[in-house]
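*Asks:* Residue numbers (UniProt numbering): 1 to 119. If you scroll down you'll find the structure; I have some questions about it.
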């Protein structure tokens, strides 16, 4: 950040000042991206992957299946971007990381007649 500020001080023309402003903006964006990476890691620590999900399953049904594990923030069933059809797997995000351990105990449990893979 000091280098960016020094670049602005040394700049003599408006073009150099514009360049310094762009560098400062890029620096701010990088800091914001790094903050988002921390948030993403937190979400990952509170989420489980659920494979072999029945194609007709709804997020509400999955939420009911995992609700005993802990408070659920979100259930995401991934779909093909071209057809819109479910891909057969999902992510369950919990409010607390401890719930992930409970959810993993549901690995190889039956859901809509299929054996789930939870990790």
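Where a beta carbon is used, it is the ideal one built from N, C-alpha and C, also for glycine. Treat the numbers as computed from the prediction; the structure is a model and nothing was measured.
Rounded to a whole number of angstroms, what is the C-alpha to C-alpha distance between residue 52 and residue 28?
*Replies:* If you take the alpha carbons of residue 52 and residue 28, they lie about 42 Å apart.
*Asks:* Compare the Cα-Cα distances from residue 120 to each of 109, 24, 66, 77 and report the closest residue.
*Replies:* Given that the chain is displayed from residue 1 to residue 119, the structure contains no residue 120 and the question cannot be resolved.
*Asks:* Taking just the CA atoms, how far does residue 55 sit from residue 82?
*Replies:* Their backbone Cα atoms lie some 16 Å apart in a straight line.
*Asks:* State the CB to CB distance for the pair residue 98 and residue 70, rounded to an integer number of angstroms; the pair is presumed to be in contact (CB under 8 Å).
*Replies:* At roughly 7 Å, the Cβ-Cβ gap stays under 8 Å, so residue 98 and residue 70 are in contact.
*Asks:* For residue 110, which residues in the same chain have their Cβ closer than 8 Å to its Cβ, ignoring the five residues on either side in sequence?
*Replies:* Only 116 meet the Cβ criterion.
*Asks:* Residue 73 and residue 57 look like a contact to me (Cβ under 8 Å); what is the Cβ gap, rounded to whole Å?
*Replies:* Going by Cβ atoms, the distance from residue 73 to residue 57 rounds to 18 Å, so no, they are not a contact pair.
*Asks:* Just the C-alpha distance for residue 42 and residue 80, rounded to the nearest angstrom, thanks.
*Replies:* Taking the straight line joining both Cα atoms gives about 26 Å.
*Asks:* Does DSSP put residue 11 in a helix, a strand or coil?
*Replies:* Residue placement at residue 11 cannot be trusted, given a pLDDT of 47 that sits under 50; what the coordinates show is reported in the next sentence. It is coil, neither helix nor strand.
*Asks:* Identify whether residue 90 lies in helix, strand or coil by the three-state DSSP scheme.
*Replies:* Three-state result, residue 90: strand.
*Asks:* So for residue 117, helix, strand or coil by DSSP?
*Replies:* It is a strand residue.
*Asks:* Compute the distance between the beta-carbons of residue 118 and residue 48, then report whether it is under 7 Å.
*Replies:* For residue 118 and residue 48, yes; Cβs fall inside 7 Å.
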